[in-house]
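Take a look at the structure set out below.
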Amino acid sequence: MRKQGAAVDRLAERLLDNLERQEELYTSMRHLAREQLKTVRSPASSGLDRDLILKQRAELLQHLEPLGKRGRIIERDLARAVGLEQFTVKGIEGKVDNELHRRLRQAFERLGVLLGEITEIDAESVRLMSSQLAGCHQTPRRPVSSAEALQAYRESSRVKKDRG
């Protein structure tokens, strides 16, 4: 039984490492989202290069995608190791070391907060860009993802280039 417990704990540790790495990258993404919002609010006075910010965000996404995939694989393996059909933090409670479970729960909570903040910042950027393009105030109907915000910016840049 202890061998299985040790193997399960190793999987949980790998997942925690993965989540902590994602948190680092998403923290950088949040910073870039804030910088991007500054450029949307005050393009001239921000002193920031919106294209460079978008390039940096795209590079972060290229690192985050495989990291997220690896995390989901570890989650799947961990779920199987403890006899669950699908991974949930609640489902592994009591099946991994208590301290490790606490740290995993906190890591997922922190990631959720970060993703929510990024989504809110990007939604504000998209709303401002849309109103600048349309000349009127529009509120998005649903939260906008980072990818949608990047796409909206690319489209707005294309329109500006076509006009100018």
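Residue numbering for the sequence shown follows our numbering, beginning at 173 and increasing consecutively.
All residues carry an ideal CB built from backbone N, CA and C; glycine is no exception.
Can you round the beta-carbon distance between residue i and residue j to whole angstroms, since I take them to be within the 8 Å contact cut?
i, j, result
"residue 305", "residue 188", "No, residue 305 and residue 188 are not in contact; Cβ-Cβ is about 43 Å, not under 8 Å."
"residue 180", "residue 267", "6 Å"
"residue 194", "residue 236", "7 Å"
"residue 197", "residue 232", "6 Å"
"residue 256", "residue 263", "5 Å"
Between the options, which lies nearest to residue i when the distance is taken from Cα to Cα?
i, options, result
"residue 321", "280, 221, 229, 182", "229"
"residue 295", "191, 182, 212, 186", "212"
"residue 326", "258, 282, 226", "226"
"residue 288", "190, 244, 317", "317"
"residue 201", "217, 182, 292", "292"
"residue 251", "239, 265, 299", "265"
"residue 297", "217, 207, 234", "207"
"residue 186", "216, 249, 282", "249"
"residue 177", "286, 223, 284, 270", "270"
"residue 303", "184, 283, 290, 324", "324"
"residue 284", "191, 182, 209, 217", "191"
Could I get the ranges of all uninterrupted alpha helix (DSSP H) runs contained in the stretch 241 to 309, with 4 residues as the minimum, in chain order? 261 to 264, 270 to 306
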